[in-house]
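Enquirer: Sequence lines, in order, name chains A and B. When the letters of the first sequence are read in order and numbered with this note's numbering, they come out as residues 1 to 445. When the letters of the second sequence are read in order and numbered with this note's numbering, they come out as residues 1 to 228. Glycine is no exception: its CB is placed at the ideal position from the N, C-alpha and C atoms.
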Amino acid sequence: MSSADALKVREESLARLKSIYRDEAETVIADARYGFISGLLKDVLKKPSLERVSLSDKIDNVVINRWLGIPLFLALMYGVFQFVFTLSAPFMDWIDQFFGWIGGYAAGVSPEWFGSLLTDGIVGGLGSVLIFIPPIFLLFIAIAILEDCGYMARAAFVMDRLMHKIGLHGRSFIPMILGFGCNIPAIMACRTIENPRDRLTTILVNPFMSCGARLPIFVLLAGAFFTANQGLVVFSMYVIGIIAAIIMALIFRKSILKGPSGHFVMELPPYRMPTVMGVLVHMWERGQLFLKKAGTLIFTAVIVIWFLSSMPWGTDYASAGSWIGQIGRVIAPVFSPAGFGQWQAGVSIIFGFLAKEVVVGTMGTIFAVEEGLLGGVISSQLGWTPLVAFSFMVFCLLYMPCVAALGAIRGETKSWKWTGFAAVYTTVIAWIVATLIFQIGSLFI
Amino acid sequence: MAKKEIVVALAGNPNSGKTTVFNNLTGARQHVGNWPGVTVEKKEGICSFQEYNLRVVDLPGVYSLTAYSPDEVVARNFIIDEKPDVVVDIVDASNLERNLYLAVQIMEMEVPLIIALNMMDEVESRKYKINAKTLSQEIGTSVVQMVANRNQGTDALLDEIVRVAKKKIEAGGVRIEYGREVENEISKLEEAISKSPLASRYSPKWLAVKLLEGDEEVIKKFQEVINV
Chain A
1 MSSADALKVR EESLARLKSI YRDEAETVIA DARYGFISGL LKDVLKKPSL
51 ERVSLSDKID NVVINRWLGI PLFLALMYGV FQFVFTLSAP FMDWIDQFFG
101 WIGGYAAGVS PEWFGSLLTD GIVGGLGSVL IFIPPIFLLF IAIAILEDCG
151 YMARAAFVMD RLMHKIGLHG RSFIPMILGF GCNIPAIMAC RTIENPRDRL
201 TTILVNPFMS CGARLPIFVL LAGAFFTANQ GLVVFSMYVI GIIAAIIMAL
251 IFRKSILKGP SGHFVMELPP YRMPTVMGVL VHMWERGQLF LKKAGTLIFT
301 AVIVIWFLSS MPWGTDYASA GSWIGQIGRV IAPVFSPAGF GQWQAGVSII
351 FGFLAKEVVV GTMGTIFAVE EGLLGGVISS QLGWTPLVAF SFMVFCLLYM
401 PCVAALGAIR GETKSWKWTG FAAVYTTVIA WIVATLIFQI GSLFI
Chain B
1 MAKKEIVVAL AGNPNSGKTT VFNNLTGARQ HVGNWPGVTV EKKEGICSFQ
51 EYNLRVVDLP GVYSLTAYSP DEVVARNFII DEKPDVVVDI VDASNLERNL
101 YLAVQIMEME VPLIIALNMM DEVESRKYKI NAKTLSQEIG TSVVQMVANR
151 NQGTDALLDE IVRVAKKKIE AGGVRIEYGR EVENEISKLE EAISKSPLAS
201 RYSPKWLAVK LLEGDEEVIK KFQEVINV
């Protein structure tokens with residue numbers, strides 16, 4: 001009975017301490033211990049006065065500063081996207097001209113259906129994906145530099161403080177950052193998290209971290225609809241992804257995955273000058289996945305989409321009456337509240353489940369235009385406004401992980417139930433957020 | 001004639017040289033098993049010294065004594081439940097600040113404690129100066145200096161273990177000040193706890209701190225007592 005008293009007194013004490021310190025009692029007590037230790041060390045430990053503060057420590061004083069850490073992380077990410085866009089533009093023009101040249105040549109090829117496969121399918125579909133090689137590889141270079149110099153560990157450290165406040169394990173943010181490359185290795189990296197609830201939470205929210213495959217969608221639409229602010233708009237996608245991941249993690253830890261989280265001493269490796277070789281190797285590790293996907297999965301998907309667009313025999317290519325148009329018209333009404341109720345958008349979303357680049361590949365195949373013109377065609381033929389484009393980008397950011405990522409989730413959780421849950425809840429969230437953006441945005445614009 | 005047994009628990013951070021100290025103390029007379037209920041390795045060894053048999057238990061290497069990982073729970077349950085005669089905390093003296101966090105938490109458990117400052121050679125090569133005497137006074141425990149990988153300081157440690165075990169020095173001479181408000185809540189909790197059957201087995205003050213920290217294991221202990 002008196003033990004019940006103790007637990008009751010505890011509740012009151014915690015509430016009182018919380019109101020005084022605005023922090024958990026656990027933190028206050030840990031701080032008191034550290035305070036005790038640092039006081040003790042002042043009396044007991046003498047370091048040679050000449051010992052310099054190391055350069056690493058000096059940089060860390062700024063980089064992982066309580067107040068500067070997160071703004072600095074965001075500023076760096078923003079800088080990365082500006083760097084990626086400015087530098088990749090000329091390369092993208094070259095690839096565009098190259099496919100334009102091939103397209104012009106292929107249009108004369110007979111028989112007619114084969115010419116259509118080449119121009120509409122391969123050039124339109126595959127070309128519209130391959131043109132994003134430069135920004136994707138540049139993004140991977142930037143991530144590799146940040147990783148190799150030791151900054152990413154700091155970013156994880158800074159975010160960890162935030163994550164800890166929302167009840168997530170300290171080790172969680174490292175897989176999250178890996179997700180910027182590709183969610184599959186990121187989901188596998190969650191193995192290092194010992195606590196099963198922390199691990200599952202991190203796996204479930206990982207797909208919100210925007211992978212390289214989603215970049216083509218963002219670059220295409222941001223280029224077409226937000227010419228002046230492309231970098232900012234694409235950057236906002238990454239931030240929305242991080243926020244979605246954090247909010248969902250918080251919700252999971254308070255509801256279906258309740259329980260204490262593990263503690264973990266995060267060690268910070270010293271800063272290092274990245275080597276050219278190291279950066280290129282890391283870029284290639286991630287970039288080759290994209291190339292492989294383009295050569296196999298995306299190539300096949302494009303041919304299937306071209307076929308569905310051409311059938312039944314005799315219909316106009318990619319018209320509403322073609323098979324693909326018929327599929328699209330069934331799904332399209334679902335997305336009307338979010339602003340993109342056109343069948344072409346619906347079909348892209350369905351096929352994007354194979355791999356997110358296929359969203360762009362599908363559009364390219366259906367509209368069968370040179371990739372440089374694709375953005376303009378989407379705005380004129382679908383009648384999209386920048387608001388619709390933004391809502392569509394957010395949907396593509398958040399909805400169902402691609403089939404390979406779901407495979408990784410199944411592999412790591414060993415549960416079809418959680419895999420299905422991951423597929424469904426992300427899509428529901430994506431629909432809700434896109435609809436909110438469109439509906440609320442429409443009130444103001 | 002049977003020798004008297006002293007139970008010694010070896011605690012310390014990972015990479016503090018704890019295993020080396022354990023090997024120096026026990027040599028080949030080791031026994032490896034598992035802690036009950038978990039897949040954490042349990043190493044025990046015997047060491048004969050003067051008229052004593054020391055049973056040395058190597059606790060898992062941990063940074064902290066919370067209830068978050070099986071290693072930490074194993075280490076601290078051994079200390080509070082088995083009540084070893086002496087706890088030796090192996091400290092990497094060249095990383096004093098980080099290593100003392102564990103030492104402070106063992107102090108809070110009010111058990112006979114020896115701080116073994118290991119890797120003193122590293123401290124010297126960095127031209128650091130550690131005042132072991134002041135350290136011993138300020139935290140109210142014995143302090144031994146050693147370089148375990150050269151087997152230096154082992155005898156001094158053995159002497160100290162016997163001395164502490166014989167005297168059964170009541171530790172806890174030094175208390176950590178958690179701040180006025182926290183201290184207020186601790187005393188309220190201590191009072192409530194003192195009426196609980198748990199108070200006879202564990203230090204009420206320690207239980208109070210753990211309750212405030214939200215320690216699942218300790219909360220569970222209270223709930224179990226209620227249900228009985």
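(1) Given this structure, state the Cα-to-Cα distance separating A:R10 from B:S203, to the nearest angstrom.
(2) Sorted by chain position, which residues of the same chain lie with C-beta nearer than 8 Å to A:D316's C-beta, five sequence neighbours on each side aside?
(3) Is A:D93 close to chain B, meaning its C-beta is less than 8 Å from at least one C-beta of that chain?
(4) Between which two residues does the beta strand (DSSP E) harbouring B:V91 extend?
(5) Classify A:P111 as buried or exposed, calling it buried when 16 or more other Cβ atoms lie within 10 Å of its own Cβ.
(6) List the endpoints of the continuous alpha helix (DSSP H) containing A:G325.
(7) According to DSSP, what are the bridge partners of B:C47?
(8) For B:V40, does the three-state DSSP call read helix, strand or coil?
(9) Report the neighbours of A:I193 on chain B: residues whose CB is nearer than 8 Å to its CB, in chain order.
(10) Whole angstroms are fine: how far does the CA of A:D96 sit from the CA of A:G461?
(11) Report the neighbours of A:K13 on chain B: residues whose CB is nearer than 7 Å to its CB, in chain order.
(12) Sort A:L398, A:A423 and A:Y399 by Cα distance to A:R410 and report the nearest one.
(13) Determine the DSSP secondary structure at A:L118, reduced to helix, strand or coil.
(14) Taking C-beta pairs closer than 9 Å, name the residues in chain B that A:F477 reaches, listed in chain order.
(15) Determine whether the Cβ of A:V265 lies closer than 8 Å to any Cβ atom of chain B.
(16) Give the single residue among A:V129, A:L232 and A:A6 whose Cα lies nearest to the Cα of A:Y446.
(17) Below 7 Å on C-beta distance, what does A:P196 contact in chain B?
(18) Does any CB atom of chain A fall closer than 8 Å to the CB of B:K18?
(19) Spell out a yes or no on whether the segment 70-81 of chain B and the segment 94-101 of chain B are touching, meaning 3 or more CB-CB pairs, one atom from each, closer than 8 Å.
(20) Distance check for A:V347 and A:I327, CA to CA, integer angstroms please.
(21) Please classify B:N118: is it buried, with 16 or more other beta-carbons within 10 angstroms of its beta-carbon, or exposed?
(22) Just checking: is the beta-carbon of B:N131 within a distance shorter than 8 Å of some beta-carbon in chain A?
(23) Let me know the secondary structure DSSP gives A:R16 once reduced to three states.
(24) From which residue to which residue does the alpha helix (DSSP H) around A:V446 run?
(25) Verify whether the separation of the beta carbon atoms of B:Q30 and B:K43 is less than 8 Å.
(26) Is A:A228 buried or exposed, if buried means 16 or more other CB atoms sit within 10 Å of its CB?
(27) Apart from the five residues on each side of it in sequence, which residues of its chain come closer than 6 Å, Cβ to Cβ, to A:G460?
(28) Measuring CB atoms only, is the segment 104-124 of chain A touching the segment 298-307 of chain A, in the sense that at least three cross pairs come out at less than 8 Å?
(29) CB-CB under 8 Å to B:N34, same chain, minus the five flanking residues each way: which ones, in chain order?
(30) What's the gap between the Cα of A:V369 and the Cα of A:T413?
(31) Tell me the rounded alpha-carbon separation between B:I6 and A:I141.
(32) Of all the options B:L113, B:P14 and B:F22, which has the alpha carbon lying nearest to the alpha carbon of B:R163?
(33) B:A75 lies in the alpha helix (DSSP H); which residues open and close that run?
(34) Note down, in chain order, all residues in the segment 37-50 of chain A with a beta-carbon under 8 Å from any beta-carbon belonging to chain E.
(35) How is the alpha helix (DSSP H) around A:S348 delimited, first residue to last?
(36) My output table needs one value for A:V109: the three-state DSSP class, helix, strand or coil.
Expert: Short version:
(1) Using only the alpha carbons, I get a separation of about 16 Å.
(2) Taken in chain order, the residues that qualify are S322.
(3) Chain B has no Cβ within less than 8 Å of the Cβ of A:D93.
(4) Segment V86 to D92, the beta strand (DSSP E) holding B:V91.
(5) The residue in question, A:P111, is exposed, as its Cβ has fewer than 16 Cβ neighbours within 10 Å.
(6) DSSP places A:G325 in the uninterrupted alpha helix (DSSP H) bounded by W323 to I331.
(7) Paired residues: B:L54.
(8) Three-state result, B:V40: coil.
(9) Those within 8 Å of A:I193 in chain B number zero; the least Cβ separation is about 12 Å.
(10) The requested residue 461 of chain A is not part of the displayed model; chain A covers only 1 to 445.
(11) The sequence shown places Ser at residue 13 of chain A, not Lys. Near A:S13 (Cβ distances below 7 Å), the residues of chain B are E185, K188, L189 and L212.
(12) Per the Cα distances, A:A423.
(13) The answer is helix: DSSP assigns A:L118 an H, G or I state.
(14) Beyond the ends of chain A as shown, which are 1 and 445, falls residue 477 of chain A; an answer cannot be given.
(15) At A:V265 the pLDDT is 47, less than 50, meaning the model places this residue with poor confidence and gives no usable figure here.
(16) This structure leaves residue 446 of chain A out entirely; chain A is present only between 1 and 445.
(17) What A:P196 touches in chain B: nothing, since even the nearest Cβ is about 12 Å away.
(18) So, not an interface residue.
(19) Not touching, per the Cβ criterion.
(20) Going by the C-alpha atoms only, they are around 7 Å apart.
(21) Counting Cβ neighbours within 10 Å, B:N118 comes out buried, since at least 16 surround it.
(22) Taking Cβ atoms only, chain A reaches closer than 8 Å to B:N131, which makes this a yes.
(23) In the structure shown, the three-state DSSP call for A:R16 is helix.
(24) With chain A represented from 1 up to 445, any question about residue 446 of chain A goes unanswered, as that position is not in the structure.
(25) Against a cut-off of 8 Å, the Cβ pair of B:K43 and B:Q30 comes out as a contact.
(26) Classification for A:A228: exposed.
(27) In the structure as shown, chain A begins at 1 and stops at 445. Residue 460 of chain A is therefore absent and cannot be evaluated.
(28) Enough Cβ pairs lie closer than 8 Å, so yes.
(29) V40, E41 and K42.
(30) A:V369 and A:T413 have their C-alpha atoms roughly 42 Å apart.
(31) Straight-line spacing of the CA atoms in B:I6 and A:I141 works out to 60 Å.
(32) Scanning B:L113, B:P14 and B:F22 for the CA closest to the CA of B:R163 turns up B:L113.
(33) Membership of B:A75 in the alpha helix (DSSP H) is indicated by the continuous run P70 to N77.
(34) Here chain E cannot be found, since the structure's protein chains are A and B.
(35) Segment W343 to F351, the alpha helix (DSSP H) holding A:S348.
(36) Correct three-state label for A:V109: coil.
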